[in-house]
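Enquirer: Just passing along the structure, written as C-alpha cells.
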Amino acid sequence: MDFSLLLVIATGVTGVVWALDKFWLRKRRQQRVPSPAPGAIVEYGNSFFPVLLFVLVLRSFVFEPFQIPSGSMLPTLKIGDFILVNKFTYGLRLPVGNQKIIDLGEPERGDVMVFRFPLNPSINYIKRVIGVPGDQISYMGKQLVVNGQPVDKQLLMRSPTEAPGETLYQETLPKAVHQVYNTSGPTLNLKEITVPDGYYMVMGDNRDHSNDSRFWCRHQPMPEIGCIPVEGRFFANGVPLVIGFVPEQNIVGQAVAVWMHWPKLTSLPSFSDVRLIH
1 MDFSLLLVIA TGVTGVVWAL DKFWLRKRRQ QRVPSPAPGA IVEYGNSFFP
51 VLLFVLVLRS FVFEPFQIPS GSMLPTLKIG DFILVNKFTY GLRLPVGNQK
101 IIDLGEPERG DVMVFRFPLN PSINYIKRVI GVPGDQISYM GKQLVVNGQP
151 VDKQLLMRSP TEAPGETLYQ ETLPKAVHQV YNTSGPTLNL KEITVPDGYY
201 MVMGDNRDHS NDSRFWCRHQ PMPEIGCIPV EGRFFANGVP LVIGFVPEQN
251 IVGQAVAVWM HWPKLTSLPS FSDVRLIH
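Counting from 1, one number per residue, gives the positions in the sequence shown under full-length UniProt numbering.
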C-alpha cells in the first residue's frame, strides 16, 4: 500500500481519537469522582496524533526524502544517495491522489524531477527534464537539440575511473550546467518530437543506461498514461515509435539536495558529500 495513504489513515484515526477525547471524553471523565485515567487507545491517540500530523504536513507539502536505487542519474546522483525533494516548488498537492491544489510553479528544462512512473504510479522515478510542453526535441547521434538549438556539450574525460568505458561530458541546459555519461555504442535516435501540453520529456544523465522517455513505453500506445505515438515515425520493423512523456499529475517534486550517502546496510552512512543538486 502507498505509504502516503497509510500515513493519512493513521493521522486521521489518531486525530479522531484526539478530538473525541479533547471535546467529549475528557469532560465526561472530569465529571466523575474519582476521575479515571484515560484508556490506552486515548493515550496512544493523544501521543501519536501531533507527531503523525507534523510528519504528514512536512513530507506532503515541504520536503520528502528519497533514496537513489539505480545508476541512471550518474554522475549527478549515485546509488545510495539520500536526497531531499522540494514538494512546493511545482505547487502543493494532496498527499493521496496527487491532485494539485495550489499552483506555485512548473518544471523547467534542466530540473531534476521526481515523479510517479506513468506505467506504475506506485514507483517513484527521478530524471532530468529536457522538454517542457510545446518544446521540439531531437536526440541524434547523442546530441540533444531543443527547439532547433543544439544543447552545449563539452568533452571532459574519457573512461573516468568511476565509470570505465564511459565518456564524461558537461551539458548546459537553461537552469543547469550538469554532467552526463555517454558510451561509444549505438543509441535510439529521435527526430523532432513535440512535447504535448500537460506533459514533460525526461532523460537520465547516464544517457545510455537509463529507462526514460525514450524507452519505457516501447511499442505501447497508451495516451492516458503518457505513452504517445509520434505521428509518422516508426521503428525499422514498422512498429510506431512511442514516447513516454510524464503527465503533469504524476509530478512529485524537484530534487534539490543530497544529504547522505549510504549504499548498503553493511556500510556506515556518510555525510561527507552533502551537496545541492544541479
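Even for Gly, the Cβ is constructed at its ideal location relative to N, Cα and C.
Within 10 angstroms of its Cβ, does residue 279 collect 16 or more other Cβ (buried), or is it exposed?
Expert: Residue 279 lies beyond the range of the chain shown here (1 to 278); nothing can be said about it.
Enquirer: Could you tell me the distance, in whole angstroms, from the CA atom of N182 to the CA atom of K191?
Expert: For the purposes of this step, residue 182 is taken as residue 182 along the sequence shown, with counting starting at 1. For the purposes of this step, residue 191 is taken as residue 191 along the sequence shown, with counting starting at 1. Rounded to the nearest angstrom, the two C-alpha atoms are 19 Å apart.
Enquirer: Hey, could you find the ends of the beta strand (DSSP E) K127 is sitting in?
Expert: If you number the sequence shown from 1, residue 127 lands on position 127. Residues N124 to G131.
Enquirer: Taking the alpha-carbon positions, what's the Y44 to M203 distance?
Expert: As a first step, residue 44 is located in the sequence shown; it is residue number 44 there, counting from the start. As a first step, residue 203 is located in the sequence shown; it is residue number 203 there, counting from the start. So the alpha carbons of these two residues sit roughly 46 Å apart.
Enquirer: Considering only residues of the same chain and omitting the five flanking positions on each side of F245, which have a CB-CB separation below 7 Å?
Expert: Residue 245 sits at position 245 when you count from the first residue of the sequence shown. If we look at F245 and ignore the five residues flanking it on each side, its Cβ neighbours are V195, P196, Y199, Y200, M201, S213, G226 and I228.
Enquirer: Could you spell out where the beta strand (DSSP E) holding E64 opens and where it closes?
Expert: Start at 1 with the first residue of the sequence shown, and residue 64 comes out as number 64. Here the beta strand (DSSP E) through E64 covers F63 to Q67.
Enquirer: Could you check if S122 is buried or exposed, using at least 16 other CB atoms within 10 Å of its CB as the buried criterion?
Expert: As a first step, residue 122 must be located in the sequence shown, where it is residue number 122. With fewer than 16 Cβ atoms within 10 Å of its Cβ, S122 is classed as exposed.
Enquirer: In chain order, which continuous runs of the beta strand (DSSP E) of length 3 or greater are located wholly inside the stretch 185-222?
Expert: Complete beta strand (DSSP E) runs here, min 3: 190-194 and 199-203.
Enquirer: Quick check: the Cα distance between V112 and I277, rounded to an integer number of angstroms?
Expert: The sequence position of residue 112 within the sequence shown is 112, counting from 1. The sequence position of residue 277 within the sequence shown is 277, counting from 1. Whole-angstrom Cα-Cα distance: 8 Å.
Enquirer: Give the straight-line distance between the Cα atoms of S272 and L84, rounded to the nearest whole angstrom.
Expert: Taking the sequence shown and counting its residues from 1, the one referred to as residue 272 is at position 272. Taking the sequence shown and counting its residues from 1, the one referred to as residue 84 is at position 84. Cα-Cα distance, rounded: 16 Å.
Enquirer: Report the three-state DSSP secondary structure of A236 (helix, strand or coil).
Expert: Your numbering for residue 236 matches position 236 in the sequence shown. The pLDDT assigned to A236 is 49, lower than 50, so where the model puts this residue is not dependable; a value taken from the coordinates is nonetheless given after this. Of the three classes helix, strand and coil, the one that applies to A236 here is coil, per DSSP.
Enquirer: Specify whether the stretch 78-93 and the stretch 246-264 touch according to this definition: at least 3 beta carbon pairs, one from each stretch, less than 8 Å apart.
Expert: Cβ pair count under 8 Å is three or more, so yes.
Enquirer: For my contact list, W259 and F82 are in at a C-beta cut-off of 8 Å; report their separation, rounded to the angstrom.
Expert: The count along the sequence shown starts at 1 and reaches residue 259 at position 259. The count along the sequence shown starts at 1 and reaches residue 82 at position 82. Rounded, the Cβ-Cβ distance is 6 Å, consistent with contact.
Enquirer: For the stretch 129-169, which segments carrying the beta strand (DSSP E) assignment without a break, of at least 3 residues, lie completely within its bounds, in sequence order?
Expert: DSSP runs (the beta strand (DSSP E)) wholly in the stretch 129-169: 136-140, 143-146 and 152-158.
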